[in-house]
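If you read the protein sequences in the order shown, they are chains A and B. Numbered according to my numbering, the first sequence spans residues 1067 to 2078. Numbered according to my numbering, the second sequence spans residues 770 to 1316. Below is one structure, written out as structure tokens, with a few remarks after it.
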Amino acid sequence: MSFSEDAPDAPDITPLVGLIDGLRRRARWMVAARAGLLGLAGLLGLWAAAMALAGGGVGRGEARLGLGLGAFALLGLGLAALVWAWRRASDEGGQIAAVEAARPALRGRLSTVMERRGVAFQGESPLILALASRRAAAAVEGMQAEELYPRRALRPALAVALMMGAVFAVTAARSAMGPIETFAWLGGQAAPAPTDQALAPVAEATTLIGDMVLRYEYPAYTGLPPLEVPNSNGEAHGPPGTRVTVRARTAEVFDDASLQAYEAAPERSELVGGRDVSGSFAIAGEGVYRFFFNRGAERQRSPEFTITADPDLPPTVTIEAAADRMEVSWDQVIPLSWEARDDYGLARVLVRVGRGEKELRSLLTPQQVLGEPLGLTPDKLGLKAGDEVTLHIVAYDNDEISGSKAGESRGVRIVVLGPKGEARRQLKIWKDLRDALVDVLAGFIVDPSPIAKDRQGIARWAGQSSGRFEPMEQLLDQYWDGFDARTMEGRMVEELRRLGAALLRFAQEIGDPRNKLQLSEADLTTLAELHDELVGQLEINILMLDRIVRYRAIQTLYGLAETMTAQGADLAARAEAGAAAGELLTRLGQLDEVSEKLQNTAKEYDGGALSELVNDWMADIGRASDRTRQLIAAGDEAAAQQMALLLADQIARFAATLQSMQRKMDETTEEDEQKIKEFIEELERIEAAERALLAETQAARKAEGNGGDDLTSLWAEADRLAARLEVLTREAASAILLNAEDRFDAELSRSERLIRQASRAARAVGARDAVTARQETQRAMLGALDLHGTISAAKGWRGESGLSGDAAATKALNEAANVAQELVELLSGADERNNRASPALAQKLQRQAPTQETLRDDVLEVTPFARELAEQLPMGAPGLVESLEGADREMRRADSALERARVVEAEGAEEAAADRVRQAIEALSQAGAAMGEMSAAMQQEGGQGGREGEEDAESADGPDGDDPGGRIELPNPEEFRTPDEYRKALLEGMQATVPEEYEAQKRRYYEELVRQ
Amino acid sequence: MKSWFVSSLLLLCAGLAQAASPREGFVCLKEGDLTCARRVVDELTSEGDRSPEAELLAGRVLFHEGDAAGAAAKLGALAPRASQLKLDQLAGTPPRDPYVGAEPPADIAAGVAGERRFYAATAEVHAGLIVSRVGDVEVRHHPGVERVLVEEAVEALNLARARIAPRLGGDVPGLVRLEIYPDGQSFITASGLPEDAVRTTGVVAISKWNRLLVTSPRVRGGGYDWKDTVVHEWIHGVVSYHSKDNAPVWLQEGIAKSMDMLWREDNFVLEVRSQSLLAGAIQSGEWVTFDQMHPSMALLPTADMAGLAYAQVATMMEHLQLSTDRQALVRVLKRVRGDEDARQAVAEVANGGDFAAFEASWRAYLNTLDLVGVKVAATPTTLDGEESDFAGDPVLARRQDLANLTRLGELMAERGHYDAALVYYERAVPQDEPPGPLLTLRRAEALAQKGQTDLAISLLRDNLVYYPGAAKNQRLLGELLLAQDEDAGALRAFRAAADVNPFDPALHEQLVALYRAQGRAELAARHERALVILRYQDAPAGAGTTR
């Protein structure tokens, strides 16, 4: 039903409808509010009851039941009342009735109007209805919902709620369990959290627990596997982050349990069967842990167990470097190794130079120990010539718990040398090595001959002599990177160490007082030979180094002299131009500085005649300089200028003298090299001719026969046995060397001697010299047996089960002795069989004899020249003359054998002669190589007599520290000129294509290089 | 008046009759008579002779007079007219580069160009030198410390002129021109000798173009007996002059070698090395023949042969004088001047013409000498710094093995290992000859360091018998003797050292002190003057020097 607009008499009941709707809402709100307050009161009551139950030691189950029932009942009643009241509040009729009751003046009009909604029923008068409506509206006008449903109606419910709140509060305060704990308790979760009061070591009784098992689960970063410790005393320790699970058994039965670690809130523990408790915590530092046990309101606690955190220490990093300050060429690998260690694992390692860093290793799988040579050059570290920085290796561990910690090595100062600086350093190494070797040699050269006559004396000498190599060893420590085995000086040192060790070992062996046998002449001879060999090698090396140093010193002097010449010319030009006195004095001062440097350089590198010559010249130049100063001081400028001209001329003459010396040294070296070359060619001719003769002899034997197959096979067998003997002696020596550090000197020296002896035997067999071969082989056999005995005796002295190499060595020596024995027997019959030759063969052989004789004459002819050449060469030609003398002997033997038609002996002697000539060639080649090496060293960059200051910018006053003058020189601008090759390489490098993202980096890199 | 007229007429006739020709001048030069050549040039000039020959002669005379720049200029001017030169006017001296190794000129023009080139090169060297004139001795030298040589050189030459010239027929008229070259290269350039020849033959001075060209003792590290050398070269000039340059090499060298010490000694002194070579030859019978000596002693294959040749001819000349009189050489030179064969001339003067008899008597004379039989090596010629510290030592220079041992000893000594050093020095002593001076010096130094002064002195003295010119050894000996208060011996040693190497101020200081102590003020003053020079205290313009 609706009111139409064209029915103006229809009554407006909107206010009435609004009033009734408002009353309904108000009534419902009141119902809801009351329900809420009463519900809250119920909840509080229930909660208070729960706390009371919990605090009263009622079991959780019972408490749950009781509370559940109570809650159910209250909820049921409450809901029913709520539904009823809600319906009542929503009923329109009820509200109309309430209004009618509140306004008696309505007299049912409201009910009438609302029933009809403003539209008269059929047969009723609309006007009357409208009138009734108006009167009803007038009657209720100004009526508010508050009037029918005032707020005070909620007061009882509020009072109930407050009352229950008070009950709740009182209960909570008094109960052993707080509201939250109770709630948790009822929920079956962790044990009720103890209050601070509860943590105090009072209140609860202590209960015993036993059968403790601790299981550690370490942090993943440690890489450690889980660990279970049965029968533990309960103390827990591990790195921070370790999860510790504690299992234990209580003496009594409890409802629940919790575990408290450190001072944190206890965490509920698993309790099986009321006694088997299990809880866990993570180690975070030093502290204690304990269990709490509950049984109803009764609480007990376990004893406290300590927690110990094993600290995860930062990595330790060590650097192995010879010195704390190293000078390294800009493109040379920095000679140091690093090692980093961490207790649990390393995550990454980097090298720090100055402020820069470069990562060396980043590890996906952490390692506890890591180490390797640095393997980086200064330029790869972004350093340039002239830089001096401190280098550290920094390692980070993989601690994910407390954060990665860094460990840093000690610092090593790195001085980066440019090409010239490196050359200066190299020269200093050579000079220092020369001086060190002189110190070493000084001891040996004054040794008496023979060194001693008895064992005691030899032992005493060996003891005293062992320290003689100290200067060399100190140098090696100082320049450990400077003696690379590939370099000339590295090989020198290596060889000297070997010879020195062999000599001292042998001396110690024969000087051993436990050896009761009398000293043999052979031992003394060997000792003298080893001594001489060492002395000879030292002499050669010293002379070689001295020659290089002298040459380079002259170059340096010439460079300085050139600088002086330029300064002198400048002085002269200024003098001629009428320069002022002050200007001349300044130039004289510069001259003096270079002059002093010159004298120091000469003295430093060559204290002999070179130094004297330089001193003479410098003294003269110094006097001229002084005189010039005097003239200036006297105000005689014209004379001073004249004197300056004279001084400049003197300097130029001195420079010319040094230049001449350098040129002549070059010429001499070239001449020596040429002589060697030509002599080698001559010797090769003789060798070829000797081998041709050998081939002829062999052909004759094959053609004419001499029972040859038999004999050939005999010698072939002898060759085989001799070779086998050599192999076995080497095997024995290798086995002995496996434990070289634990061996007695006697074992080592005798094994070396045995190898030499076997080699001699093999050579004699090769020469088909049956008699000598038999003697040498017998000696080798005795040597093998002797060494065998020494090893057995040594084993006894050590009082151990023996060294690991003993078995192999003994086996090889046994076999070697057998082989030697077999060879001796074989050779016994060889000599006689050699002599058989047919008449035709004999005739052929005799025809060859003159050729052999001619070749021998050739050798005899060149031997004096060889001797002379060996004497002339600064480092000699060890073995050259001896080899030629050997060739002469073998040729004589071959000649004799040919004459007597001893074909196999002739063959052997011819071959041996050719071999000796070959040895001579090799000796000469070695001398040539040494010469070449020396020549190359002399010509190395940096030694080219560069003018003063023409060195690395950084080393003008020497980061090398070898600047004799020790003064700072300001180089001329042109002295910074980069070598052409270097510039070219730079340009090529700059043009290289790189990925776009590296383009800027590339440019910076080359810009930096160009600036160097 | 009449007599005046007659005299004038005679003179005119004589002048017309003796009108100078360039040829005459060239002959004068060839015969070593520079005064004569200068006179001819002056006459030609006054006569207005502008012929190419006259110009060439003028140039050459200038060159002989030491004016290389003027000579070069003359030849430069002559160059366009070189082809007009008449060879027959040149007395067999066609224009050519005087450089010893120079190729023969393709033609006259090339010869003139070569000769001019040589003069110009010499002029360039001379440009760096100054000239000091003392009396009629003119010394060209470096303006530096070489000035110290002037006084002593002049003294030696004057003594030689007084004591030696009369035994050769008198002094050469005119100036004595001495040129002292400060380094090997300048000597090589100015002498025209090839560098190799200088080094291999050890020629450090020549007498040529009427000049004495000598290298400064400074060129050879420790110096050398340079004053004897100066006198030796001067004698060559005198002999050339008196023999019209007809004296063969052997006679030249024989006379010079037998007399070059007489400026300081009263009698002929045969060097120890010469004695040893003669002793060896007497024993072996291996002599150097006169034919082998031709064309030059310097071309003999070994230094020992050259040394023996010198010793032979020197003793021969001494024997000649001893067996006749001290004017014998004057007579010989006169005969040679008259184109007589030199051997014949010697024989004529000696015994009336039997050279074989003369030779026999000479050998007999040698047998009467008490010759030192020990082999003594020749001191090698070193110029301008050598590649080896030992290049100047007579033994070590040719014995690398011993040089190596010596060097090892030096290195030991430098490091303070004196015992070890002495071991090496001992090993470096040759078995068949006395040790060289350098090794002896090092040994003595090491011994002195060890306090064994007496032994050191003894070693030095023994060795100086063989090598008296070892200045450093003399100096060390002097110092050791001085330390032992043996002033007289020290003075002798220092004096000997200063004679060889006058550039060492320390020597002069010692000599000044020692002479003063002896009250010999004049000698002390002399060495003070040397010190003034060495300290450049009179520099840059020393008295009497011109640039």
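C-beta atoms are modelled at their ideal positions from N, C-alpha and C, and glycine is treated no differently.
Neighbourhood of residue i by C-beta, 8 Å cutoff - its chain only, sequence neighbours within 5 removed
{"i": "leucine 1893(A)", "result": "Ala1784, Val1831, Ala1836, Ala1839, Arg1840 and Thr1843"}
Under 8 Å between C-beta atoms of residue i and residue j
{"i": "glutamate 1956(A)", "j": "arginine 1834(A)", "result": "no"}
{"i": "alanine 1967(A)", "j": "alanine 1908(A)", "result": "yes"}
{"i": "phenylalanine 1103(A)", "j": "valine 1179(A)", "result": "Phenylalanine is not the amino acid found at residue 1103(A); the sequence shown has leucine there. Against a cut-off of 8 Å, the Cβ pair of valine 1179(A) and leucine 1103(A) comes out as no contact."}
{"i": "glutamine 1728(A)", "j": "glutamine 1621(A)", "result": "yes"}
{"i": "valine 900(B)", "j": "arginine 886(B)", "result": "no"}
{"i": "serine 1043(B)", "j": "glycine 1076(B)", "result": "yes"}
{"i": "glutamine 1887(A)", "j": "glycine 1849(A)", "result": "no"}
{"i": "asparagine 1464(A)", "j": "alanine 1413(A)", "result": "yes"}
{"i": "arginine 1564(A)", "j": "leucine 1814(A)", "result": "no"}
{"i": "arginine 1201(A)", "j": "arginine 1169(A)", "result": "no"}
{"i": "proline 791(B)", "j": "glutamate 822(B)", "result": "yes"}
{"i": "leucine 1379(A)", "j": "phenylalanine 1357(A)", "result": "no"}
Counterpart residues of residue i in DSSP-defined beta bridges
{"i": "histidine 1005(B)", "result": "BP columns for histidine 1005(B) are empty, so no partner."}
{"i": "arginine 1356(A)", "result": "Gln1326(A)"}
{"i": "alanine 1424(A)", "result": "The question names alanine, but residue 1424(A) is lysine in the sequence shown. Answer is Val1417(A), bridged to lysine 1424(A)."}
{"i": "glycine 1304(A)", "result": "Ala1375(A)"}
{"i": "glutamine 1161(A)", "result": "Per DSSP, none; premise fails for glutamine 1161(A)."}
{"i": "arginine 1090(A)", "result": "Paired residues: none, contrary to the question."}
{"i": "phenylalanine 1535(A)", "result": "Phenylalanine 1535(A) is not bridged to any residue."}
Member of the options whose CA lies at the smallest distance from the CA of residue i
{"i": "glutamate 1555(A)", "options": "Asp1589(A), Arg1100(A) and Met2000(A)", "result": "Met2000(A)"}
{"i": "asparagine 1929(A)", "options": "Ile1752(A), Gln1540(A) and Thr1553(A)", "result": "Per the sequence presented here, residue 1929(A) reads as threonine, with asparagine not at that position. The option with the nearest alpha carbon to threonine 1929(A) is Ile1752(A)."}
{"i": "isoleucine 949(B)", "options": "Pro986(B), Lys977(B) and Ala929(B)", "result": "Pro986(B)"}
{"i": "alanine 1025(A)", "options": "Glu1536(A), Lys1861(A) and Ala1979(A)", "result": "Limits of chain A in this structure are 1067 at one end and 2078 at the other, which puts residue 1025(A) out of reach."}
{"i": "valine 906(B)", "options": "Met1086(B), Asn979(B) and Gly897(B)", "result": "Asn979(B)"}
{"i": "leucine 1794(A)", "options": "Leu1780(A), Asn1880(A) and Thr1735(A)", "result": "Asn1880(A)"}
{"i": "alanine 827(B)", "options": "Pro864(B), Thr984(B) and Leu1228(B)", "result": "Pro864(B)"}
{"i": "glycine 1692(A)", "options": "Gly1701(A), Glu1703(A) and Met1709(A)", "result": "At residue 1692(A) the sequence reads aspartate, which differs from the glycine that was named. The candidate whose alpha carbon is nearest that of aspartate 1692(A) is Met1709(A)."}
{"i": "arginine 1221(A)", "options": "Gly1307(A), Met1731(A) and Ala1099(A)", "result": "Ala1099(A)"}
Exposure of residue i, with buried meaning 16 or more beta-carbon neighbours within 10 Å
{"i": "isoleucine 1086(A)", "result": "buried"}
{"i": "valine 869(B)", "result": "exposed"}
{"i": "asparagine 1299(A)", "result": "exposed"}
{"i": "valine 1057(B)", "result": "buried"}
{"i": "alanine 1788(A)", "result": "buried"}
{"i": "tryptophan 1404(A)", "result": "buried"}
{"i": "proline 1204(B)", "result": "buried"}
{"i": "glycine 1473(A)", "result": "buried"}
{"i": "methionine 1538(A)", "result": "buried"}
Residues near residue i in its chain [Cβ-Cβ closer than 6 Å; skip 5 each side]
{"i": "glutamate 1934(A)", "result": "none"}
{"i": "alanine 1266(B)", "result": "Ala1240, Gln1243, Arg1244 and Leu1276"}
{"i": "alanine 1190(B)", "result": "Gly1178, Met1181, Ala1182 and Ala1215"}
{"i": "alanine 789(B)", "result": "Val809, Glu812 and Leu813"}
{"i": "glycine 1122(B)", "result": "Ala1116"}
{"i": "valine 1114(B)", "result": "For the record, residue 1114(B) in the displayed sequence is alanine; it is not valine. Excluding residues within five positions, the ones whose Cβ falls inside 6 Å are Val1101, Arg1104 and Val1105."}
7 Å CB neighbourhood of residue i in its chain, flanking five on each side removed
{"i": "threonine 2044(A)", "result": "Low confidence applies here, because threonine 2044(A) scores a pLDDT of 43, under 50, leaving its location unreliable and the question unanswered by this model."}
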